[in-house]
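Engineer:
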Amino acid sequence: MSDWTRRSRWLVTQLVWNRGEPDPRVLQSTFTLLLVAGLVVRWIGEGPVGLVSWPVAGVLISLVGGIAVLWVPARHLPLMSRSLAVIHIAGVGMLVEGSALGIAAPLVMLPSIWLGLDLGMRGAAIAVGAVTAFVAVPTLITVGTDLLTVERLLLLVGLAGFGAFSTSAALTKAQTAQAQAEAREEELAQAVQVIERNRRSAHAIFETVDIGLALLDTDGEPRLINQPLLDFSAIAYPDGDLERAWIFDESGRNRLSIEDVPTSRARRGEQFDDARVWIGEDERTRRAMSVSSRRVEDSDGNWLGAAVSYTDVTDFMNALQVKDDFVALVSHELRTPLTSIIGYVSMDLEMDELPPMLRKHLEIVFRNAQRLERLVEGLLEEVEYSGRPMPLQKQGTDLAAIVRDCVDAARTHAQDAGVTLDADVPDTLAFTGDPQRLAQLVDNLVSNALKYNEPGGTARVVAGVEAGSVVIRVSDTGIGIAAEDHPHLFTRFFRTYEANRRAIQGAGLGLSVSKSIVDGHEGRIEVESAPGCGSEFRVVFPLHVASLAS
19 MSDWTRRSRW LVTQLVWNRG EPDPRVLQST FTLLLVAGLV VRWIGEGPVG LVSWPVAGVL
79 ISLVGGIAVL WVPARHLPLM SRSLAVIHIA GVGMLVEGSA LGIAAPLVML PSIWLGLDLG
139 MRGAAIAVGA VTAFVAVPTL ITVGTDLLTV ERLLLLVGLA GFGAFSTSAA LTKAQTAQAQ
199 AEAREEELAQ AVQVIERNRR SAHAIFETVD IGLALLDTDG EPRLINQPLL DFSAIAYPDG
259 DLERAWIFDE SGRNRLSIED VPTSRARRGE QFDDARVWIG EDERTRRAMS VSSRRVEDSD
319 GNWLGAAVSY TDVTDFMNAL QVKDDFVALV SHELRTPLTS IIGYVSMDLE MDELPPMLRK
379 HLEIVFRNAQ RLERLVEGLL EEVEYSGRPM PLQKQGTDLA AIVRDCVDAA RTHAQDAGVT
439 LDADVPDTLA FTGDPQRLAQ LVDNLVSNAL KYNEPGGTAR VVAGVEAGSV VIRVSDTGIG
499 IAAEDHPHLF TRFFRTYEAN RRAIQGAGLG LSVSKSIVDG HEGRIEVESA PGCGSEFRVV
559 FPLHVASLAS
């Protein structure tokens, strides 16, 4: 196959099948064919044109250039392509030589546009110059300078320049838009990569942690759930029946209804921390869980679902049980000798002939033995009723009398501490409750108001009916409590940093026991305090368990 044949097939392939950016050689060669067609049209319209004439010469030089560009090496193609565009404009000028700018004249737009595409504003200037030099000037010389010819030439030059300029501007704008689009696409691709990387990292963490995690949608159905939670669920729901859950409260004794299961609470939009439950049918293999829940909301506060976490705290709960067993054992062992010490010291103190010094020593022993006995009783009580309601012997009683008796009993302690103790209590306040436990509650609060006060400070106890509730307020001007300690105040064995620093006596059980007593009477206990500003504890009982005596 000859080289010419291969070139011809390549040309046809470019013209017919190429779907990418057109090859400039194909465009230039195609324009040569348009000039040939223009010569034929002139021949038909104006009659035969001599073979030795400007129109034929213009078509021939364009034809030679169009054929020559097919053989130009790629490295010289840009320069040759630009030169050929000028040659084409000259060819158009020759083609219309001696005519009144016939149909072939507007062909100058095509090479002008090409120059604008290739060289931008320089190409537009070259197009205007070429059209002026090769079309306008020769036509003025050969045809004349009548007004119609001048108008047509000015219009032709203007169109050539405007076409090249518009094409250049459009190309620049398109290139800028393309560059911006490519930049945005690159940014988007990078953002997608970052999101995908973060998603994979989050998923890896989600599956790696030993905490059970789940993300619930607005219908309470799990959108995401990791393997640890699936394992925990298999223990809690061994039959796969969500209506039959082997989930128990913190004590491990009471089975929870499906509505009280932490996940069900999360489905209702509740938020909570460290809700402890036991899961599993077999008591020997049960696992203890600490469950927390958080609402998931959009930027407008609309509920999207909930996030729930299950942490296995079996070892921790078992350790607590071991500690409780140990505390109970030690407390029981201490109770018998303490009872004997208090009994014998009490009998000795009843003797009249005791020397003053010995009596003073025995009173110290008696007082400290009683304090130790109260501590032991508190430990036993806390261990016995931990995780379940404290039993109460409720009966009709006078809450005002109970508060007054507690305040009177604490006055000696207040004097020793240098604290002024005041009380504002009505004459009587009928109440249905456990008198002994209510006295224990008030004693604990008053004792703390004196213990955590400063010499010269004040403690005040107020009781009465406020806003439809029975309220007991115990306030002091003492050292106060830091805000970060407030959530832990009613946790057993908790002591604040300041209490430990000042070595203030106590085991951290008073407020825990007090809260149990308040809960047993359907009330609530609140605190307001800040370091250096004192504290106020409020006990609020519903009015339906109390009535003012007439």
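Taking our numbering, I'd label the letters of the sequence shown as residues 19 to 568. Beta carbons: idealized from backbone N, C-alpha and C, even for Gly.
Inspect the CB distances between the stretch 205 to 215 and the stretch 298 to 310 and report whether three or more fall short of 8 Å.
Structural biologist: Touching, no, given that fewer than three Cβ pairs across the two stretches are closer than 8 Å.
Engineer: Across which residues does DSSP place residue 321 in a beta bridge pair?
Structural biologist: 315, per the DSSP bridge assignment.
Engineer: Excluding the five sequence neighbours on either side, which residues of its own chain have a C-beta within less than 8 Å of the C-beta of residue 70, listed in chain order?
Structural biologist: Any reading at residue 70 must be qualified, since the residue scores a pLDDT of 48, below 50, and its modelled position is unreliable; no value is offered.
Engineer: Using alpha carbons as the reference points, say which of 205, 140, 151 lies closest to residue 182.
Structural biologist: Considering only alpha carbons, the answer is 140.
Engineer: Taking 8 Å as the cut-off, is the CB of residue 298 close to at least one heavy atom of the ligand NAP?
Structural biologist: This structure simply doesn't include the ligand NAP, nor any ligand for that matter.
Engineer: Would you list the one or two residues that DSSP bridges to residue 266?
Structural biologist: 273, 296.
Engineer: For the alpha helix (DSSP H) containing residue 426, list its first residue and its last residue.
Structural biologist: That run of the alpha helix (DSSP H) goes 417 to 435.
Engineer: Residue 130 to residue 154, Cα distance in whole Å?
Structural biologist: Looking at the two C-alpha atoms, the distance is approximately 14 Å.
Engineer: Residue 413 by DSSP, collapsed to three states: which one?
Structural biologist: Three-state DSSP puts residue 413 in a strand.
Engineer: What's the gap between the Cα of residue 493 and the Cα of residue 556?
Structural biologist: Their backbone Cα atoms lie some 9 Å apart in a straight line.
Engineer: What whole-angstrom Cβ distance do residue 473 and residue 436 have, given they're in contact under 8 Å?
Structural biologist: Their Cβ separation, rounded to whole angstroms, is 4 Å, which keeps residue 473 and residue 436 in contact under 8 Å.
Engineer: Alpha carbon to alpha carbon, how far is residue 377 from residue 445?
Structural biologist: Answer to the nearest angstrom: the Cα atoms are 39 Å apart.
Engineer: Classify residue 357 as buried or exposed, calling it buried when 16 or more other Cβ atoms lie within 10 Å of its own Cβ.
Structural biologist: Exposed is the call here.
Engineer: For the beta strand (DSSP E) that residue 538 lies in, which residues bound it at each end?
Structural biologist: Counting along the chain, residue 538 falls outside any beta strand (DSSP E), though it belongs to the alpha helix (DSSP H) covering 528 to 538.
Engineer: Can you give the Cα-Cα distance for residue 482 and residue 490, rounded to whole angstroms?
Structural biologist: Distance between the alpha carbons of residue 482 and residue 490: 7 Å.
Engineer: Given residue 461, which residues of its chain have a CB within under 7 Å of its CB, disregarding the five upstream and five downstream residues?
Structural biologist: 424, listed in sequence order.
Engineer: Since I believe residue 558 is in contact with residue 541 (beta carbons under 8 Å), could you give me their beta-carbon distance rounded to a whole number of angstroms?
Structural biologist: Right, their Cβ atoms sit about 6 Å apart.
Engineer: Whole angstroms are fine: how far does the CA of residue 249 sit from the CA of residue 235?
Structural biologist: The alpha-carbon atoms of residue 235 and residue 249 are separated by roughly 21 Å.
Engineer: If you compare alpha carbons, which of 465, 186, 434 is closest to residue 527?
Structural biologist: When only C-alpha atoms are compared, the closest one is 465.
Engineer: Cα-Cα, which of 496, 354, 469 is closest to residue 388?
Structural biologist: Ranking 496, 354, 469 by Cα distance to residue 388 puts 354 first.
Engineer: Going by C-alpha distance, which of 208, 218, 228, 304 is nearest residue 255?
Structural biologist: For the residues 208, 218, 228, 304, the minimum Cα distance to residue 255 belongs to 304.
Engineer: Taking 6 Å as the limit between beta carbons, can you name the residues of its chain near residue 544, skipping five residues before and five after?
Structural biologist: Hits under 6 Å: 556.
Engineer: Which residues in the same chain have their Cβ closer than 6 Å to the Cβ of residue 452, if we skip the five residues on either side of it in sequence?
Structural biologist: If we look at residue 452 and ignore the five residues flanking it on each side, its Cβ neighbours are 410, 411, 412.
Engineer: Return the first residue and the last residue of the alpha helix (DSSP H) that residue 507 is part of.
Structural biologist: Where residue 507 is concerned, there is no enclosing alpha helix (DSSP H), given that its DSSP letter is neither H nor E.
Engineer: Do residue 174 and residue 149 have their C-beta atoms within less than 9 Å of each other?
Structural biologist: Yes.
Engineer: Which of the three DSSP states is assigned to residue 279 in this structure?
Structural biologist: The answer is coil: DSSP assigns residue 279 none of H, G, I, E or B.
Engineer: Within 10 angstroms of the Cβ of residue 285, are there 16 or more other Cβ atoms? Answer buried if so, exposed if not.
Structural biologist: Flag for residue 285 reads buried.
Engineer: Would you decide whether residue 547 is buried or exposed? Buried here means 16 or more other CB atoms lie within 10 Å of its CB.
Structural biologist: It is buried - the Cβ of residue 547 has at least 16 other Cβ atoms within 10 Å.
Engineer: Rank 277, 292, 508 by C-alpha distance to the C-alpha of residue 532 and give the top, closest one.
Structural biologist: When each option's Cα is compared against that of residue 532, the closest is 508.
Engineer: In whole angstroms, give me the CA-to-CA distance for residue 287 and residue 293.
Structural biologist: If I take the Cα positions, the gap works out to 15 Å.
Engineer: Got a sec, what are the start and stop residues for the beta strand (DSSP E) residue 439 sits in?
Structural biologist: Start and end: 438 to 442.
Engineer: My output table needs one value for residue 478: the three-state DSSP class, helix, strand or coil.
Structural biologist: Strand, per DSSP.
Engineer: Just to check my reading of the structure: residue 394 and residue 380 have Cβ atoms closer than 8 Å, yes? What is that Cβ distance to the nearest angstrom?
Structural biologist: 20 Å between Cβ atoms; not a contact.
Engineer: From residue 430 to residue 439, what distance separates their C-alpha atoms?
Structural biologist: C-alpha separation (whole angstroms): 10 Å.
Engineer: Could you tell me the alpha carbon to alpha carbon distance between residue 143 and residue 136, rounded to whole angstroms?
Structural biologist: Their backbone Cα atoms lie some 12 Å apart in a straight line.
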